[in-house]
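Structure record follows, encoded as C-alpha cells.
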Amino acid sequence: MAGIKPTRAQAMADAVNASSIEANIKQQQSGKGYAIRELISSAQEKLQNAEDLVSKTEGVIDSTKVTKKIVSDLLAPAQAIVSLLDAVADVHPAIKVVAVIVKGVIQLELARHENDKQIAVVYFTMSSLLFLLGDLDPLFGDEQELHQRLHIRLDAVGDTVKDFGNFCEVYYRHKSITKLLRSSGYKEKLSGYASDFADHKKELHVLLTSQSSLKVADIQVDVKKIVAFIDAKTAKEQKTDELIEGMGGLDAALKSDKNLDELAKKLGEKMDTSTRRAVRADIDEALKANVLMFELKLDRISQHIQESVEGSTKTILLKLDEGPHMYIEDPDVQSIWKEMGSRLSAKTRVFLDAVHSYFSRKFIQHELDTGSPHPDVWTLHFLSKIIFYPSIGDGIDEDSSGFVSVHEVNSFLKSRPKGLNWSVAQWIAFWAAAPYKTDVEHQSKIESMVSSLESLAEDVLSQNQKRVKYFCGITKKLNLISVYDNILAFYGESDENDGTYEALEKLRVAWRNLELKRIKANLEKTRYRLKGVEAVAIITDGRRVEQSIMCLIYLLLHHHMKIVKLATVQTVSVAEFEDMRETWEYLFDAFDQRLDTLLEVWRQQRLDTSTQVECYAGGLFKRWHEKNQADEDESDSEEDDESDYDYSSGSEEDEEDGDEDQEGDETGSVDHGRELASVLSSPTKGKGETIPENLLLYPVPTEPEDEDGLSTDDESDWESPAIRRKKADAEMRKRVENIEEKMSVVEDLLRQLLAIQGHGDIKQSQDDQVDNGEHPASSTAACNLKKDLVDHDGDDEDEQNEDDGDERNEDDEDERNEDDGEDDGEDDEDEDEGCSDNEESDY
1 MAGIKPTRAQ AMADAVNASS IEANIKQQQS GKGYAIRELI SSAQEKLQNA
51 EDLVSKTEGV IDSTKVTKKI VSDLLAPAQA IVSLLDAVAD VHPAIKVVAV
101 IVKGVIQLEL ARHENDKQIA VVYFTMSSLL FLLGDLDPLF GDEQELHQRL
151 HIRLDAVGDT VKDFGNFCEV YYRHKSITKL LRSSGYKEKL SGYASDFADH
201 KKELHVLLTS QSSLKVADIQ VDVKKIVAFI DAKTAKEQKT DELIEGMGGL
251 DAALKSDKNL DELAKKLGEK MDTSTRRAVR ADIDEALKAN VLMFELKLDR
301 ISQHIQESVE GSTKTILLKL DEGPHMYIED PDVQSIWKEM GSRLSAKTRV
351 FLDAVHSYFS RKFIQHELDT GSPHPDVWTL HFLSKIIFYP SIGDGIDEDS
401 SGFVSVHEVN SFLKSRPKGL NWSVAQWIAF WAAAPYKTDV EHQSKIESMV
451 SSLESLAEDV LSQNQKRVKY FCGITKKLNL ISVYDNILAF YGESDENDGT
501 YEALEKLRVA WRNLELKRIK ANLEKTRYRL KGVEAVAIIT DGRRVEQSIM
551 CLIYLLLHHH MKIVKLATVQ TVSVAEFEDM RETWEYLFDA FDQRLDTLLE
601 VWRQQRLDTS TQVECYAGGL FKRWHEKNQA DEDESDSEED DESDYDYSSG
651 SEEDEEDGDE DQEGDETGSV DHGRELASVL SSPTKGKGET IPENLLLYPV
701 PTEPEDEDGL STDDESDWES PAIRRKKADA EMRKRVENIE EKMSVVEDLL
751 RQLLAIQGHG DIKQSQDDQV DNGEHPASST AACNLKKDLV DHDGDDEDEQ
801 NEDDGDERNE DDEDERNEDD GEDDGEDDED EDEGCSDNEE SDY
C-alpha cells in the first residue's frame with residue numbers, strides 16, 4: 001500500500017484541503033488585524049471631527065453655545081481609543097498596563113453627568129497621542145533596546161494620564177465659584193497637560209518610526225489651538241477677572257473675606273467657610289492630597305473592568321448548549337445549579353434548599369467512605385434551618401429581589417476572604433448569623449463611643465466648643481443606624497449544640513479582624529476623609545453599604561474621637577472639623593441612597609416596604625426609614641401631629657434589651673475591647689507632648705478663625721437628603737405659584753390699559769374735559785392703574801424686605817419723595833384728586 005500512488009482525485013482533494021487550511025490560517029491571522037484597521041478608521045474619523053471643532057473655536061466661548069453635542073464630539077475619540085487599545089493589547093501585551101489606566105480614567109469621565117469643555121479638549125489631545133499605538137507592529141520591540149524604550153515611554157504616558165485623571169476628580173468636586181476665581185490656575189494646569197501629551201506624542205512617534213518598516217497613522221494636533229481653546233474665557237469668567245482686577249488682583253481678593261463675599265454676591269454665587277477654604281487652597285496641594293483616594297478609585301474601576309471582560313468572555317459558554325451551570329465557577333455550586341435545572345436565576349429559598357440537600361448528601365457519603373464526619377458537617381445546622389435563609393439570602397442577593405442569579409452567585413463566591421481557605425459550605429453558613437453578630441458587637445462599641453464623645457464635648461477648650469458641637473451633630477443621624485439587639489438566643493445559640501456556634505464564632509472573629517484591617521488600611525490611605533459618596537464603596541472595596549457600614553462607622557468614630565480628645569488641650573482648626581463632618585455626611589448620603597434603591601426594588605415587586613425594611617439586614621435601615629417617613633408625613637401635611645417616637649434614643653423595650661446585653665454580652669473579643677479602650681481611657685496628652693503623627697490634616701491655627709459657616713441648628717441635622725430634596729422642590733413650586741399669581745395680576749392690569757387706549761383719542765377727550773373744568777375720567781382710570789402697579793411693586797418689596805429682615809426707613813423715603821417731587825411744583829397739591837400731568841403723560 002505504501003508504494004501505491006494517490007489517484008488524481010485524491011491529490012486534488014488533498015490540495016484543496018491544504019489550500020483551505022492555509023486560507024483559514026490566514027483569515028485567523030488577519031482577523032484581528034482587520035478589526036484593528038476598522039477601529040483605527042473609526043478613531044481617525046472621530047479625531048478629525050474633534051480637530052475641526054477645535055479649529056473653528058475663536059475668541060470668547062459662550063457657555064450657552066458650547067452644547068453637549070460639541071463636548072460629546074470632543075470626548076468621542078476617547079471612547080474609540082478604548083476599543084482600539086483593547087484590540088492592540090491582545091497582540092502587543094506591552095501596552096496592557098497603560099490601556100487599563102486609560103480605560104479607567106476615561107470611564108470615570110464618561111460616567112459624569114456634566115463634562116467640562118476644557119477637560120474634554122484635553123482628552124482629545126490625549127486620544128491623538130494614544131492613536132499612535134493603533135499601528136504598533138506585533139513584532140516591534142523584539143530588540144531588547146527598543147522594547148525597554150517602549151516600556152519607558154508607555155510608563156511615562158500612564159503616569160501623565162493618572163495625574164490628569166486626578167486633576168479631573170478634584171476639579172469636578174469644586175463648586176462653580178471656586179472654578180471661577182481659580183480659573184487662571186486651572187487653565188494653566190490644563191494647558192500643561194495638553195502640552196505634556198503633545199510631548200509624549202512626539203517622543204513616541206520618533207520611537208515607533210525608528211523602524212523604517214513601520215508606518216504610523218496620525219492626526220496632527222495644533223497644541224497652540226488647544227491652548228487657545230482652553231484659555232478662551234466665557235462672559236462670566238471675563239466679568240470675574242474684571243472684578244478681581246478691581247480689587248487689586250487675586251491675592252488681594254483671596255486675603256479678604258469681605259472681598260470674597262462681594263465677589264460671590266456679584267457673580268450670583270454662594271460663599272461659606274468651606275468654600276473660602278477651597279478657593280484659598282493651593283491647587284497642587286489639593287491634587288497631592290487626593291492622589292491616594294484617586295488611586296484607590298482607579299484600582300476599583302480597573303478591577304470592575306477586568307471582571308466585566310472575564311464575564312463577557314465566559315458568557316460564550318452559554319452558546320455551547322452545555323447549560324448555564326457551566327457559567328458558575330465553583331464545582332460544588334455548579335453541580336447544585338445543574339441539579340436545580342435553573343437557567344440564569346433561581347428563587348433564593350429554592351437555591352438554599354438545594355444547597356442543603358447537596359451538602360447533606362456529600363457529608364453523608366464522606367462519612368461512609370472515611371468512617372469519620374466531614375469537617376464541615378456543623379454547617380448543616382445553619383443550612384437546614386429556614387430561619388437563617390433570609391440572612392444568607394441577604395449576603396448573596398445583591399438587589400434583594402428574592403432571586404439569585406449566576407452572576408450574583410459568582411460574585412458571592414469570589415468575595416470569600418482570601419488567605420483563610422474557607423470552603424463553600426463554611427462561607428454560606430457564615431452568613432447565617434456571623435455578620436449580624438459582628439454588627440451587634442460594633443454597635444455596642446459605637447454606642448459607648450458616642451456617649452464618651454458627648455462627655456468629651458463638654459471638656460474641650462472654649463475656642464473649640466462651637467467646632468466640636470458642629471461635629472457632634474452627626475450623632476443624631478448616627479443613632480438612626482442600628483440593628484436589633486442580640487436575638488441569637490432565639491435561634492438556639494444558648495442550647496446544647498455540640499460546638500456548632502463555637503465553629504461559627506471562629507470564622508466570625510477571623511472575618512471581623514480581616515475586615516477591620518482591610519478597611520482601616522484604606523482609610524489610612526485617605527487620611528480618614530471621604531470625598532464624595534462614591535468614596536464609601538472605594539473604602540469598603542466595593543461591598544454593599546449594609547455589609548460594611550458598622551465597621552466603617554466604628555473605625556471613623558474611633559479616629560475622629562482622638563481629634564476631639566486633642567481639642568481638650570489645644571486649638572484644632574475649623575477646617576479639620578469641617579472635613580470630619582463632611583466625611584460623615586457623605587457616609588449618610590451613601591446609606592440613604594442604598595435605602596432608596598432597596599425601596600424601589602421592593603415597590604416594583606409590590607411588597608410591603610415597611611416589613612421589608614424591618615427584616616432586611618437585621619433591621620439596619622429601620623430607624624432611618626421611620627424617620628424619613630415621619631418627615632415626609634410632616635411635610636405632606638402640616639396639620640398632622642408630630643411623631644411621638646424619640647429618634648434620639650431607643651424605645652423602652654430597646655433600652656431593656658440593651659441593659660440585658662450589657663449584663664450578659666460576651667460577643668466582644670478582648671482585642672476589640674482593648675483597641676477601643678486605648679482611645680476612650682488613654683491619658684490626655686500634656687502640653688509638652690507632640691501631636692500623634694498624621695492625626696491632623698490641617699496645621700494648628702495661630703489666629704482666631706471664622707466660624708460663621710458652622711451651623712449648630714439641630715433641625716437640619718435630622719433631615720435626610722431625600723427629605724431635603726423634597727422640601728426644596730416644594731419651596732420651588734411655591735415660588736413658581738407666586739410668580740404665576742403676580743403675572744396674572746400684571747396681565748389684568750395690562751388688559752385694563754389696553755381697554756383704556758382703545759377708546760379713541762383719549763388725549764383729546766381729556767383736553768376737552770379740562771377746558772370745561774371737568775375731571776378727566778380716563779385720567780382717573782390711568783392713575784388708578786398706575787397706583788395698582790405701584791402698590792403691587794410695593795408688595796413685592798415688602799416681601800423681599802421681610803425675607804432679608806430689613807425695614808424701609810421713612811426718612812429715606814421722604815428724602816427720595818422730596819428729590820423726585822422738586823420739579824413737580826403745584827402738582828403735588830393735586831395728588832389727592834388724581835394724578836399729575838407728568839404721571840398722565842407716562843401712560
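Each residue of the sequence shown is one higher than the one before, counting from 1 in UniProt numbering. Ideal Cβ positions, reconstructed from N, Cα and C, are used throughout, including at glycine. None of these values were measured; they are calculated from a predicted model.
Asked: Sequence ranges, alpha helix (DSSP H) only - wholly within the region 410–494, length at least 4; Found: 424–457, 465–472, 474–478 and 488–491
Asked: Whole-angstrom distance between residue 328 and residue 612, CA atom to CA atom; Found: 29 Å
Asked: Beta bridge counterpart(s) of residue 345 as assigned by DSSP; Found: 405
Asked: Best match in 128, 96, 90 and 55 for proximity to residue 77 [C-alpha to C-alpha]; Found: 128
Asked: Close Cβ partners of residue 223 (< 8 Å) along its chain, the five nearest in sequence each way excluded; Found: 125, 194, 195 and 198
Asked: Whole alpha helix (DSSP H) elements within the region 163–251, 4-residue minimum; Found: 176–181, 183–208, 223–231 and 235–246
Asked: Cβ-based neighbour list, residue 576, same chain, cut-off 7 Å, excluding 5 preceding and 5 following; Found: 563, 696, 697 and 698
Asked: Meets three-Cβ-pair contact criterion under 8 Å: the region 98–117 and the region 297–308; Found: yes
Asked: Euclidean distance between Cα positions of residue 338 and residue 354; Found: 10 Å
Asked: Spatial neighbours of residue 373 in its chain, beta-carbon cut-off 6 Å, leaving aside the 5 residues before and after; Found: 367
Asked: Contacting residues, own chain, Cβ-Cβ under 8 Å from residue 883 (five flanking each side not counted); Found: The displayed coordinates of the chain run from 1 to 843. Any statement about residue 883 would go beyond what the structure contains.
Asked: Limits of the unbroken alpha helix (DSSP H) element including residue 617; Found: Run containing residue 617: none; DSSP gives neither H nor E here.
Asked: Separation of residue 250 from residue 740, as counted between CA atoms; Found: 42 Å
Asked: Residue 46 and residue 87 closer than 8 Å at C-beta; Found: no
Asked: Three-way DSSP call (helix, strand, coil) for residue 355 in this model; Found: helix
Asked: Burial state of residue 548 (16 or more Cβ within 10 Å); Found: buried
Asked: Close beta carbons around residue 275, own chain, < 7 Å, minus the five adjacent residues each side; Found: 175, 177 and 178
Asked: Three-way DSSP call (helix, strand, coil) for residue 375 in this model; Found: coil
Asked: The region 398–416 touching the region 338–351, judged by at least three CB pairs closer than 8 Å; Found: yes
Asked: Presumed contact (8 Å Cβ cut-off) between residue 208 and residue 279, rounded CB distance; Found: Wrong, their Cβ atoms sit about 44 Å apart, outside the cutoff.
Asked: Buried or exposed by the 16-neighbour rule on C-beta atoms within 10 Å, applied to residue 565; Found: buried
Asked: Neighbourhood of residue 104 by C-beta, 6 Å cutoff - its chain only, sequence neighbours within 5 removed; Found: 298, 301 and 302
Asked: Segments of 4+ residues assigned as alpha helix (DSSP H) that fall wholly inside the region 561–612; Found: 574–604
Asked: Where residue 91 falls: helix, strand or coil (DSSP); Found: helix
Asked: Neighbourhood of residue 472 by C-beta, 6 Å cutoff - its chain only, sequence neighbours within 5 removed; Found: 457
Asked: Rounded distance between the beta-carbons of residue 571 and residue 435, thought under 8 Å; Found: Actually they do not touch by this definition, with Cβ atoms about 41 Å apart.
Asked: Exposed unless 16 or more other CB atoms sit within 10 angstroms - verdict on residue 729; Found: exposed
Asked: Residue 790 burial status per 10 Å Cβ neighbour count (16 or more: buried); Found: Any reading at residue 790 needs caution, since the residue's pLDDT is 47, under 50, leaving its predicted position unreliable; the model's value is listed next. It counts as exposed.
Asked: Residue 397, buried or exposed, once every other Cβ within 10 Å from all chains shown has been counted against 16; Found: buried
Asked: Inter-stretch contact (C-beta, 8 Å, three-pair minimum) for the region 388–397 and the region 512–529; Found: no
Asked: Reduced DSSP category for residue 543 - H, G, I as helix; E, B as strand; rest coil; Found: coil
Asked: Burial state of residue 745, where buried means 16 or more other Cβ atoms lie within 10 Å; Found: exposed
Asked: Of the listed residues 454, 620, 387 and 48, nearest to residue 482 (C-alpha basis); Found: 620
Asked: Closest Cα partner of residue 155 within the set 747, 206 and 95; Found: 95
Asked: Span separating the alpha-carbon of residue 97 from that of residue 161; Found: 12 Å
Asked: Residue 385 (DSSP reduced to helix, strand or coil); Found: coil
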